[in-house]
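There are 2 protein chains.
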Amino acid sequence: MGNCLLASTSTIYGGTYLEYLSDALKDLFKDTDEIIFIPYARPSGISHDAYTSIAEAAFVKMGKTLRGIHSFENPLEAIKNAKGIFTGGGNSFVLVSELYAQNLMQPLQEAIRKGTPYLGTSAGSNIAGPSIRTSNDMPIVYPPSFATLAIVPFNINPHYLDPDPTSKHKGETRETRIKEFHKFNDLAVIGLREGSWVRVQDEQITLEGSNLTARIFEKDKMPYEIAATTILTGLK
Amino acid sequence: MGNCLLASTSTIYGGTYLEYLSDALKDLFKDTDEIIFIPYARPSGISHDAYTSIAEAAFVKMGKTLRGIHSFENPLEAIKNAKGIFTGGGNSFVLVSELYAQNLMQPLQEAIRKGTPYLGTSAGSNIAGPSIRTSNDMPIVYPPSFATLAIVPFNINPHYLDPDPTSKHKGETRETRIKEFHKFNDLAVIGLREGSWVRVQDEQITLEGSNLTARIFEKDKMPYEIAATTILTGLK
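So the sequences go chain by chain: H and R. Numbering of the first sequence is given in the numbering used here, commencing with residue 1 and proceeding in unit increments. Numbering of the second sequence is given in the numbering used here, commencing with residue 1001 and proceeding in unit increments.
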């Protein structure tokens, strides 16, 4: 299936960019010092260059180089030859639109499936499931499809947020939204809290990080919590 | 432009369905006792019949009858002949998908433009703008387009929520999301808090409801607040 770390968020409260993941990233990228960065999700609409600089600074601290996919003359070749790939968070609709515009969705899938180490945070994790149909993002652009990499056979809901029992707001809770998803879709969904990640190693998928539980939603079942280190292989 | 009431929400905290709007609805629908209901947004994935029953109960209290569009043999004719239309909230992606599937987007636009009184709540208000690109909903189905009725020339963000300064969550605030929208789109956006609505009467558009302010986002401008009764004509 691949060698992936799919994180709910790039940054946890009080921390710096990727800081809480640094040990896990040293392990993920232990066989390479060169990372290709996909900045297409453009958080707050920042430029590819500006976003790449942020990611680069974090990887330099780990003794690695990082280069934005947008700076390659042939991004397709860059993906094919990559020794490590990182897709940062931002807006899933913007990310998916650009991956399709650049014809990179399938090559990215193939690179990950053949074992290229892959890090995703937030939107970059969201696309590792079969679709962005459980994205939290605002649909600010219209992508040609919601279908994504399907590296893991379930959908991911990053930045999972528990309902606030004191809220007077009438907008839907995250749980309500995911339950609505299951009125129209069969796939399982993992609600991944900030600080958690999904680790894919060959055919094994594990929940990791911070001793947090994650919330699993399966169609026609009550949602339930799973502990860190739970093996997720088989969930779909 | 039409005769519309576009509400942020159907229900405010502590109230019952449409209760806080009842005086305004008596005015909107003063020339008709028969309302056609569009239940396609299916909140929590409920059936068209179940959703129509909820809306019907609220309208019966106002001395009006209400019938779901799905119960007509010819929904297109029902829209064309309607004396009043109400589109309820739920999931914008589901609503828009079904309006396109039934070929009702354009007929609905024409009916509203010719003056058929129209009530929208939440997703039903969202579609009165040019697109659902400022929806808060989860993209659980893939509609053939994000383009909607364009009755008002600006986009609506229903259930507008101010940032919580005490939050430790790293997901984007609503304001951040709307600012991202403006990196890719030019249209103005009105952040409509629960309890507010936009009233369209012929060529005039006004913010109404509860003495609440609304937050206006225009591309390349600082967001700003407007008071209830502010005339919005010209915003786009």
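For glycine and all other residues, C-beta sits at the position ideal for the given N, C-alpha and C. Keep in mind that this is a model prediction, so the values were computed, not measured.
Cβ neighbour criterion (16 or more within 10 Å) applied to Pro163(H): exposed
Residue-level contact to chain H via CB, Leu1019(R), 7 angstroms cutoff: Residue 1019(R) is actually Glu in this sequence, not Leu. Cβ-Cβ to chain H under 7 angstroms: no for Glu1019(R).
Local conformation of Glu56(H) per DSSP, three classes: helix
Backbone CA spacing between Pro1143(R) and Gly63(H) [nearest angstrom]: 45 angstroms
Residue-level contact to chain R via CB, Glu194(H), 7 angstroms cutoff: yes
CB contact below 7 angstroms: His159(H) versus chain R: yes
Cutoff 6 angstroms; reference Ile112(H); Cβ partners in own chain excluding five residues on either side: Gly2, Tyr118 and Ile151
Where Thr65(H) falls: helix, strand or coil (DSSP): strand
Environment of Pro1139(R) [buried if 16+ CB atoms lie within 10 Å]: buried
Near-chain R residues of the region 126 to 148 of chain H - C-beta to any C-beta below 8 angstroms: Ile132, Arg133, Thr134, Ser135, Asn136, Asp137, Met138, Pro139, Ile140, Val141, Tyr142, Ser145 and Phe146
Entirely enclosed beta strand (DSSP E) segments - the region 1010 to 1058 of chain R, minimum 3 residues: 1034 to 1038
Cβ contact (3+ pairs, closer than 8 angstroms) linking the region 1213 to 1231 of chain R and the region 1177 to 1195 of chain R: yes
Arg1215(R) - containing beta strand (DSSP E), residue span: Ala1214 to Phe1217
Beta-carbon contacts of Leu161(H) that lie in its chain and below 7 angstroms, excluding the five residues immediately before and after: Arg174
DSSP beta-bridge partners of Phe86(H): Phe37(H) and Leu119(H)
Run of the beta strand (DSSP E) containing Ala7(H), from where it starts to where it stops: Asn3 to Ala7
Backbone secondary structure at Val1189(R) - three-state DSSP: strand
Nonlocal neighbours in the same chain, by C-beta distance under 7 angstroms from Ala227(H), ignoring five residues either side: Thr213
Start and end residues, alpha helix (DSSP H) containing Gln1109(R): Met1105 to Arg1113
Span of the beta strand (DSSP E) around Asn155(H): Asn155 to Asn157
Short CB-CB distance (under 7 angstroms) between Asn1091(R) and chain H: yes
Start-to-end residues for the alpha helix (DSSP H) that takes in Ile943(R): Absent from the structure is residue 943(R), since the part of chain R shown begins at 1001 and ends at 1236.
Per-residue burial, Pro165(H) [other beta carbons within 10 Å of its own, 16 or more giving buried]: exposed
First and last residue of the uninterrupted alpha helix (DSSP H) at Thr1176(R): Arg1174 to Phe1184
Backbone secondary structure at Ile1127(R) - three-state DSSP: coil
Validate contact between the region 38 to 49 of chain H and the region 19 to 27 of chain H using beta carbons, cut 8 angstroms, 3 pairs: no
Simplified DSSP assignment, three categories, for Ser1196(R): strand
From Leu6(H), Phe72(H), Ala57(H) and Leu66(H), residue whose alpha carbon lies closest to that of Gly89(H): Leu6(H)
Supposed close pair Thr176(H), Leu207(H) - CB separation, criterion 8 angstroms: So it is not a contact: roughly 23 angstroms between Cβ atoms.
Members of the region 30 to 45 of chain H that neighbour chain R once the beta carbon cut-off is set at 9 angstroms: Arg42, Pro43, Ser44 and Gly45
Cα-Cα separation between Lys30(H) and His1169(R), rounded to whole angstroms: 30 angstroms
Simplified DSSP assignment, three categories, for Ile79(H): helix
Environment of Tyr1051(R) [buried if 16+ CB atoms lie within 10 Å]: buried
Test: Phe1217(R) CB closer than 7 angstroms to a CB of chain H: no
For Tyr224(H), three-class secondary structure by DSSP: strand
Contact with chain R by Lys221(H), beta-carbon distance below 7 angstroms: no
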